[in-house]
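A short write-up of the structure that comes next.
Number of protein chains: 2
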Amino acid sequence: MLQDDSNTFALGEVRVSSSPQERFDEYLQSKGKRTTQQRRVLVDTVFERHDHFDADELIGLLGKSTEGAKVSRATVYRALDELVEAGLLRKMTLGGRAVYEHDYGYPQHDHLHCTECDALIEFRSDELIALREAVGREHQFRVTGHRLIVSGVCQDCAGKRHRRQSPLDLI
Amino acid sequence: MLQDDSNTFALGEVRVSSSPQERFDEYLQSKGKRTTQQRRVLVDTVFERHDHFDADELIGLLGKSTEGAKVSRATVYRALDELVEAGLLRKMTLGGRAVYEHDYGYPQHDHLHCTECDALIEFRSDELIALREAVGREHQFRVTGHRLIVSGVCQDCAGKRHRRQSPLDLI
DNA sequence: ATCTATGCAAACCGTTTGCACGACC
DNA sequence: GGTCGTGCAAACGGTTTGCATAGAT
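Protein sequences appear in the order of chains A and B.
Numbers 1 to 171, taken from full-length UniProt numbering, label the letters of the first sequence in order.
Numbers 1 to 171, taken from full-length UniProt numbering, label the letters of the second sequence in order.
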């Protein structure tokens with residue numbers, strides 16, 4: 001992330017007034033939690049790249065991290081929960097495992113999920129927001145969020161298509 | 001499910017030309033699999049009620065089943081996979097666990113998920129189908145399906161609201 | 001000094017699997 | 001009779017937790 005002269009940070013596409021570190025520190029303080037080596041390294045590593053990742057990938061990255069402190073598996077899991085609570089990360093569940101992505105300073109969006117290569121492609125849709133509000137109203141349901149995953153096959157995989165058996169390939 | 005004089009079955013809201021049992025049998029035959037006691041009881045139990053359920057609930061129901069045959073945990077898991085492959089059930093993942101619902105003869109729909117009581121409320125939206133196609137086209141992505149879960153608080157829970165702490169209750 | 005955070009390893013929980021026995025065609 | 005299915009119990013994989021120690025305030 002880059003800081004410009006007006007003291008804001010570019011994260012993804014949106015400018016926000018403080019860095020993830022700063023924001024996380026605020027969260028920690030508000031909860032009476034402490035700013036530790038490992039929490040710092042972790043936030044740095046997470047916001048170094050704009051990617052989807054799971055706990056294991058993060059643990060892998062932390063292994064190679066230049067910053068000295070090593071972070072145990074348990075601590076990674078505990079910190080991920082905190083980052084979600086702090087509003088810095090968004091968590092979703094894909095298949096069995098939990099997948100995380102940047103939330104703070106990043107616009108609302110949804111995903112195309114390629115069932116061949118597991119890629120996640122982001123897209124934005126304002127109509128969807130309108131739609132979810134309408135549905136909520138219709139059912140006296142107080143909407144707080146949504147998760148849409150459109151599955152299918154991405155352009156790349158559609159190319160090198162070495163035809164797998166499809167379910168219900170009767171006969 | 002009830003059979004009427006025109007030999008179709010009412011499952012949920014749509015009429016189909018054969019019962020889940022029959023359809024499952026077809027699937028099994030097409031795969032060279034066998035029609036066993038336990039698969040029969042299982043399909044009966046699953047289609048007795050129109051509900052969302054997980055593996056454990058089903059195992060529970062099978063325990064009380066009047067039909068003699070008992071079905072082991074392993075068999076339940078194996079059969080659920082088959083029912084999904086056969087197009088009789090749809091599987092989704094909510095939090096950690098797999099949740100199943102009727103697919104066969106039941107219209108495409110999505111869900112409102114109450115984060116307080118975990119209830120799932122179904123709704124239909126044709127605009128969503130249009131939307132997902134549009135997005136797919138835009139990204140050269142061959143769409144095969146989607147999963148939308150709108151989360152929030154249902155009417156009931158909004159009433160007896162005994163205010164839990166909300167994440168990000170800073171200060 | 002106090003009290004939270006960490007690391008380790010064991011526990012957990014839903015799900016899957018190897019294997020010997022039983023049931024279907 | 002030959003296979004496929006089942007039950008059991010053990011294995012699995014991601015995640016959580018209890019506990020003693022290290023570290024932040």
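Beta carbons are placed, not taken as given, at the ideal position from N, Cα and C, and that holds for glycine.
Note that the structure is a prediction, hence the values are computed from the model and not measured.
The three-state reading of DSSP puts Cys154 (chain A) in coil, since its state is none of H, G, I, E or B. For Ala130 (chain A), the three-state secondary structure derived from DSSP is helix. Across the structure, Gly105 (chain B) and Gly87 (chain B) are spaced so that their CA atoms are roughly 10 Å apart.
By the CB criterion at 8 Å, Thr35 (chain B) and Leu28 (chain B) fall inside the cutoff. For Arg73 (chain A) and Leu120 (chain A), the gap between their C-alpha atoms comes out near 25 Å. Neighbourhood of His109 (chain A) in chain B, by CB distance below 7 Å: empty, with the nearest CB roughly 11 Å away.
Ranking A:Phe141, A:Ile129, A:Val143 by CA distance to the CA of Pro107 (chain A) puts A:Ile129 first. Residue A:Ala158 holds the alpha-carbon nearest to the alpha-carbon of Cys117 (chain A) among A:Lys91, A:Val71, A:Ala158, A:Lys33. For the segment 117-151 of chain A, the beta-carbon criterion of a distance under 8 Å to any beta-carbon of chain B is satisfied by Ile121, Phe123, Ser125, Glu127, Leu128, Leu131, Arg132, Val135, Gly136, Glu138, His139, Gln140, Phe141, Arg142, Val143, Thr144, Gly145, His146, Arg147, Leu148, Ile149, Val150, Ser151.
For Val143 (chain A), the CB contacts under 6 Å within the same chain, skipping 5 residues up- and downstream, are Arg132, Gly136 in chain order.
Each of A:His109, A:Phe47, A:Lys33 was checked against the Cα of Gln21 (chain A), and the nearest Cα belongs to A:Phe47. Secondary structure of Val76 (chain B) (DSSP, three-state): helix. Between Thr35 (chain A) and chain B, the shortest Cβ-Cβ separation is not below 8 Å.
Against chain B, the beta carbon of Val99 (chain A) has no neighbour under 7 Å; the closest one sits roughly 12 Å away.
Classified as exposed, Asp56 (chain A) has fewer than 16 neighbouring CB atoms from the shown chains inside 10 Å of its CB. A straight line joining the alpha-carbon of Ser19 (chain A) with that of Leu58 (chain A) spans about 20 Å.
Non-local C-beta neighbours of Ala69 (chain A) in its own chain, meaning closer than 7 Å and more than five positions away in sequence, comprise Gln37, Gln38, Val41, ordered along the chain.
Taking C-beta atoms as the reference points, Leu89 (chain B) and Asp103 (chain B) count as a pair closer than 8 Å. Of the candidates B:Arg124, B:Asp156, B:Glu85, B:Glu101, the residue whose Cα lies closest to the Cα of Thr45 (chain B) is B:Glu101.
Lys91 (chain B) sits in a strand when the DSSP states are folded into three classes. Note: Val46 (chain A) is not bridge-paired with any residue in the DSSP secondary-structure output. Think of a sphere of 9 Å around the beta carbon of Gln155 (chain B): the chain A residues whose beta carbon falls inside it are His139, Gln140, Phe141, Arg142, in chain order.
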